[in-house]
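First up is the structure itself, then whatever we jot down about it.
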Amino acid sequence: MDGRAPNCCICSSRVQIKRTLKKYYQSIYTCTVLLYERGRLMDRLNCENAKTLTTKATLKPRKKEVKKKTVKVPHLEKLHILPKTTISQEYLQTVLAEANHLITKSMIKKVLIISYFNSGSPKIGDILSQHPDVFFLNEPLYPFDSTPQRDGEEPISRRTISEATDYLSDVFECRLLESRMGYSEETNKKMAKKAYRDCSEQQSNVSECVQETCRSKNLVLAKVIRVYMQDIQGFLEKNRGRVKVILLQRDPRVNLHMRNRKVNSGSWTSGSDMFFQGRSLCSRMLNDVMNAKRLEGSGHDGFFKIVLFEHFLKNPESVLKGILSFIGLSSDPETVKMLLKNANAYKQLQKAKLNRWEWIPEDDEGLSVDKACKFFYKTSLYNPMVQTPGMVQRYNLCQYCD
Numbered sequence: 128m129d130g131r132a133p134n135c136c137i138c139s140s141r142v143q144i145k146r147t148l149k150k151y152y153q154s155i156y157t158c159t160v161l162l163y164e165r166g167r168l169m170d171r172l173n174c175e176n177a178k179t180l181t182t183k184a185t186l187k188p189r190k191k192e193v194k195k196k197t198v199k200v201p202h203l204e205k206l207h208i209l210p211k212t213t214i215s216q217e218y219l220q221t222v223l224a225e226a227n228h229l230i231t232k233s234m235i236k237k238v239l240i241i242s243y244f245n246s247g248s249p250k251i252g253d254i255l256s257q258h259p260d261v262f263f264l265n266e267p268l269y270p271f272d273s274t275p276q277r278d279g280e281e282p283i284s285r286r287t288i289s290e291a292t293d294y295l296s297d298v299f300e301c302r303l304l305e306s307r308m309g310y311s312e313e314t315n316k317k318m319a320k321k322a323y324r325d326c327s328e329q330q331s332n333v334s335e336c337v338q339e340t341c342r343s344k345n346l347v348l349a350k351v352i353r354v355y356m357q358d359i360q361g362f363l364e365k366n367r368g369r370v371k372v373i374l375l376q377r378d379p380r381v382n383l384h385m386r387n388r389k390v391n392s393g394s395w396t397s398g399s400d401m402f403f404q405g406r407s408l409c410s411r412m413l414n415d416v417m418n419a420k421r422l423e424g425s426g427h428d429g430f431f432k433i434v435l436f437e438h439f440l441k442n443p444e445s446v447l448k449g450i451l452s453f454i455g456l457s458s459d460p461e462t463v464k465m466l467l468k469n470a471n472a473y474k475q476l477q478k479a480k481l482n483r484w485e486w487i488p489e490d491d492e493g494l495s496v497d498k499a500c501k502f503f504y505k506t507s508l509y510n511p512m513v514q515t516p517g518m519v520q521r522y523n524l525c526q527y528c529d
């Protein structure tokens, strides 16, 4: 028994030591884990604190920002935000010309002379074209005349009148090269005769010169013989307050007489033909006057003026002065005389006759026109011929003309 006792003691002590070491290592492991978890917890707490602090900082009200007043920097021409580039003088002139055209386009006055056939010499449009501020277009709607003689006997066809008035707007805006009808050297040469002649003497590029001449003027004047007053109503609306219209009338008997002499090579026209022509012409003249008064009553105050060619033949300086005043140009006596002289009107007036009815061999034709134009005479300054036994009186056919 004594020999086994020590061995048992030794075994028990070994087991106890193992248990003690196990507990020791377990305690170290537990401490290590606890320290690790504690570190993670501290890190998490630090992150939460950081977020809290950031949120609180962002929620703090900001002070109102005071806008700084812009200070005008001197010598701005020396500042180049974009890279400095070189602009050609030619390009600069083109840009300035286009800008000037857009700015002044709304300031350009437009004057339209509505006449019937050829009013005769001297031509009022040619006289006004001598003014330095006027650009004159003679019969720009000539290409739209579809009649055989193309002399304005009939107005433009209703099928093409819209296209014609659009083209009229283009030429009034001096878009001669970019018009809706396209550019025609022959047309521009015919309708802008004075400008074309002047540009031919000075410039090699005549077409561009004519267009620039038009844009440089303060007033664009055009004479037409192929439209009704009602046809230009849309044009008047687009240019309200900037358009003046002159209704240039002439004795319908003289107008038809001169027209038929030209068309028929001097031979006379029968009374029945003169009746139908007279009814058509007088209807147009009366229609234009009535529509002009209607438009004037609808807001186009003072936009039209009736001018009798017979009044101009009798007293050219007085009538021309009234026209210049109406379209807003200087009408002093020196200007009036200068325009008549430059247009060679004084010599033409010496040859012109106030009443050309002495050319008519018979009275039947004149009386036929009077019968057709009876309704027109009632509202105009023209009078019918007086028929007495054995003769027809051909005087006092126009009021204030004798």
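When you line the sequence shown up against the working numbering, it's residues 128 to 529, in that order.
Don't be surprised by glycine CBs; every beta carbon is placed ideally from N, CA and C.
Owing to the predicted nature of the structure, the values given are computational and were not obtained by experimental measurement.
Only counting the same chain, and skipping five residues up and downstream in sequence, which positions put a Cβ closer than 6 Å to that of S256?
For this step, residue 256 is matched to residue 129 along the sequence shown. So the qualifying residues of the chain are F263, K321.
Nearest-angstrom Cα distance between F453 and R342?
Numbered from 1 along the sequence shown, position 326 holds the residue referred to as residue 453. Numbered from 1 along the sequence shown, position 215 holds the residue referred to as residue 342. Each residue's alpha carbon lies about 22 Å from the other.
Below 8 Å, how does it come out for the segment 299–310 and the segment 318–338: are there three or more Cβ pairs, yes or no?
A contact exists between the segment 299–310 and the segment 318–338.
Using 10 angstroms around the beta-carbon of Y527, count the other beta-carbons present and answer buried if the total reaches 16, otherwise exposed.
Counting from 1 along the sequence shown, the entry for residue 527 is found at position 400. Flag for Y527 reads exposed.
Quick one: grab the DSSP three-state call for M518.
On the sequence shown, residue 518 is found 391 positions in, with the first residue counted as 1. The answer is strand: DSSP assigns M518 an E or B state.
State the start and end residues of the unbroken beta strand (DSSP E) segment that holds V261.
Along the sequence shown, one-based indexing puts residue 261 at 134. Its beta strand (DSSP E) spans residues 261–265.
Would you tell me roughly how many angstroms separate the C-alpha atoms of L408 and P379, rounded to the nearest one?
Position 281 of the sequence shown, counting from 1, holds the residue named residue 408. Position 252 of the sequence shown, counting from 1, holds the residue named residue 379. Distance between the alpha carbons of L408 and P379 is about 7 Å.
Going by alpha carbons, who is nearest to K371 out of E461, V446, I359, Q520?
Within the sequence shown, the letter at position 244 stands for residue 371. When only C-alpha atoms are compared, the closest one is I359.
Rank Q404, F431, Q475, D415 by C-alpha distance to the C-alpha of D497 and give the top, closest one.
Locating residue 497 in the sequence shown gives position 370, where the first residue counts as 1. Of Q404, F431, Q475, D415, the residue nearest in Cα terms is Q404.
Which residues in the same chain as G429 place their Cβ atom closer than 8 Å to its Cβ, once the five residues preceding and following it in sequence are excluded?
In the sequence shown, counting from the first residue as 1, residue 429 sits at position 302. These residues qualify, in order along the chain: E423.
Could you give the distance in angstroms between the alpha-carbon of C525 and the alpha-carbon of L466?
Sequence index remark: in the sequence shown, residue 525 carries index 398 (1-based). Sequence index remark: in the sequence shown, residue 466 carries index 339 (1-based). Roughly 26 Å between the two C-alpha positions.
Answer yes or no: do S242 and L440 have a C-beta to C-beta separation smaller than 7 Å?
Here residue 242 corresponds to residue number 115 of the sequence shown, with the count starting at 1. Here residue 440 corresponds to residue number 313 of the sequence shown, with the count starting at 1. Against a cut-off of 7 Å, the Cβ pair of L440 and S242 comes out as no contact.
If we ignore side chains and look at the alpha-carbon of each, how far apart do K478 and R377 end up?
For the purposes of this step, residue 478 is taken as the residue at position 351 of the sequence shown. For the purposes of this step, residue 377 is taken as the residue at position 250 of the sequence shown. Between K478 and R377, the C-alpha separation is close to 18 Å.
Buried or exposed for V513, please, with buried defined as at least 16 other CB atoms from any protein chain shown within 10 angstroms of its CB.
Within the sequence shown, residue 513 is the residue found at index 386, counting from 1. Flag for V513 reads exposed.
Whole angstroms is fine: what's the gap from D293's alpha carbon to G361's?
For the purposes of this step, residue 293 is taken as residue 166 along the sequence shown, with counting starting at 1. For the purposes of this step, residue 361 is taken as residue 234 along the sequence shown, with counting starting at 1. Using only the alpha carbons, I get a separation of about 10 Å.
Assuming the contact rule is C-beta atoms closer than 8 Å, K237 and V347 should be a hit. Round their C-beta distance to whole Å, please.
For the purposes of this step, residue 237 is taken as the residue at position 110 of the sequence shown. For the purposes of this step, residue 347 is taken as the residue at position 220 of the sequence shown. Right, their Cβ atoms sit about 5 Å apart.
Enumerate in chain order the residues of its own chain whose CB-to-CB distance from P249 is below 6 Å, with the five nearest sequence positions on each side excluded.
On the sequence shown, residue 249 is found 122 positions in, with the first residue counted as 1. Excluding sequence neighbours, P249 sits near A472, Q475.
Measure the Cβ-Cβ separation of F502 and N382 and say whether it is below 7 Å.
As a working note, residue 502 is residue 375 in the sequence shown. As a working note, residue 382 is residue 255 in the sequence shown. Going by C-beta atoms, F502 is not nearer than 7 Å to N382.
Please work out which residues of its chain come closer than 8 Å, Cβ to Cβ, to R533, disregarding the five sequence neighbours upstream and downstream, and give them in chain order.
Outside the shown range of the chain (128 to 529) lies residue 533, about which nothing can therefore be said.
What does a CB cutoff of less than 6 Å around A349 pick up in its chain, not counting 5 residues either side in sequence?
If you number the sequence shown from 1, residue 349 lands on position 222. Counting only Cβ-Cβ distances below 6 Å, and skipping sequence neighbours, we find L239, L264, P267.
Does the distance from the C-beta atom of R367 to that of A499 stay below 7 Å?
For this step, residue 367 is matched to residue 240 along the sequence shown. For this step, residue 499 is matched to residue 372 along the sequence shown. It is not a contact, given that the beta carbons lie outside the stated cut-off.
Considering only the alpha carbon of each residue, which of D491, S410, V434 lies closest to K505?
Position 378 of the sequence shown, counting from 1, holds the residue named residue 505. Minimum Cα distance to K505 is reached at S410.
Could you tell me the distance, in whole angstroms, from the CA atom of V463 to the CA atom of I373?
Residue numbering aside, residue 463 sits at position 336 when the sequence shown is read from its first letter. Residue numbering aside, residue 373 sits at position 246 when the sequence shown is read from its first letter. In a straight line, the C-alpha of V463 is about 18 Å away from that of I373.
Measuring alpha carbon to alpha carbon, tell me which residue in F271, N510, G517, P259 is nearest N523.
Locating residue 523 in the sequence shown gives position 396, counting from the first residue. The option with the nearest alpha carbon to N523 is N510.
Any idea which residues DSSP pairs A472 with across the strands?
Here residue 472 refers to the residue found at position 345 when the sequence shown is read from its first residue. Answer by DSSP bridge pairing: none, since A472 is not bridged.
Just mark R286 as buried or exposed, buried being the case when its beta carbon has 16 or more other beta carbons within 10 Å.
Position 159 of the sequence shown, counting from 1, holds the residue named residue 286. Classification of R286: exposed, given that the 10 Å Cβ count is below 16.
Identify the residues that DSSP records as bridge partners of K316: which are they?
As a position in the sequence shown, residue 316 is number 189, starting the count at 1. For K316, which the question treats as bridged, DSSP gives no partner whatsoever.
On the three-state DSSP scale, how would you describe F431?
Here residue 431 refers to the residue found at position 304 of the sequence shown. Three-state result, F431: strand.
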